[in-house]
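Undergrad: Numbering (our numbering), first residue to last: 102 to 203.
Input: one structure, supplied below.
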C-alpha cells in the first residue's frame with residue numbers, strides 16, 4: 102500500500118490553511134473588537150443577513166457545534182451586541198439579530 106503524504110493531500114492542506122488563517126484573524130478580532138472566533142462567526146452571519154435567524158441556522162452555516170454557538174450567543178447578548186426577537190411563526194421560539202451597538 103502506498104504511503105500517504107499528508108502534506109500532498111489537498112483536503113489536509115486546505116484544512117491547515119483554513120486553521121492558519123483563522124488563527125491569524127482571531128488575534129485581530131480579539132485585539133480590535135474583543136471577539137473570539139465563534140463570537141465573530143455569529144456577528145458575521147447576522148451582519149450579512151437582512152432578517153433575524155436562529156442560533157441553529159448560524160451553527161449550520163458556520164459548521165460550528167451548537168454548544169459553541171450557544172456560548173457565543175450568551176456572551177454577545179450580555180455585551181449588547183446582538184438581541185433576541187420573537188419568531189413571527191412560532192412565538193415559543195426566538196431568533197437573533199445584530200443590535201444597534203453590534
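Cβ coordinates follow ideal geometry from the N, Cα and C atoms, glycine included.
1) Under 8 Å between the Cβ atoms of residue 155 and residue 138?
2) Need the endpoints of the beta strand (DSSP E) that residue 199 sits in, please.
3) Helix, strand or coil: which one does DSSP assign to residue 170?
4) Measure the alpha-carbon distance for residue 140 versus residue 125 and round it to whole angstroms.
5) Report the option in 129, 112, 149, 183 whose CA atom is closest to the CA atom of residue 199.
TA: This is what the structure gives:
1) In this structure, residue 138 does not lie closer than 8 Å to residue 155 by Cβ.
2) Residue 199 -> beta strand (DSSP E) spans 195-199.
3) Annotated three-state conformation of residue 170 is helix, per DSSP.
4) Straight through space, the alpha carbons of residue 125 and residue 140 are spaced by roughly 15 Å.
5) Each of 129, 112, 149, 183 was checked against the Cα of residue 199, and the nearest Cα belongs to 183.
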